[in-house]
Amino acid sequence: MRRNTARGKIRPKISTMPRQKSEAAAFLDIYKLVVEKKRLQQELQTMDERRQQICDRLTILDQHINQLEGNVQQMRNASPQDPNAPQLVARPTPTSDTFETLFLEY
């Protein structure tokens, strides 16, 4: 993805050599303006499509967030007798008798 460093007014492309005033020069300027117009319209359409994709994804994420928040509320309100509810089990603390000591010398 490229970023323009200067975000501001879109400047037209200019030629370094001025052309003589003629019908051909006028048609060339018209052609260049039409090409730039088509490019900008295509860019605008692409941006609109991307914006729609982002909005759709945000809607899906909001739905998932709401669903998960509902699940959390259900889990909080669940009674402790619920067989599916997680139960805390106390683990026995390890004693020094269960470990073997190993000495290493360099």
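Residue numbers are given in this note's numbering: position 61 of the sequence shown equals residue 59, and the series is strictly consecutive.
Glycine included, every Cβ here is placed at the ideal spot set by N, Cα and C.
Predicted model only: the values in this text are computed from it and were never measured.
According to the DSSP assignment, Q50 belongs to the alpha helix (DSSP H) that extends over E21 to N75.
The three-state secondary structure of T96, taken from DSSP, is helix. Taking the CA atoms as reference points, S20 sits about 31 angstroms from Q40. Looking at R37, K30 and E98, the one whose alpha-carbon comes closest to that of I12 is K30.
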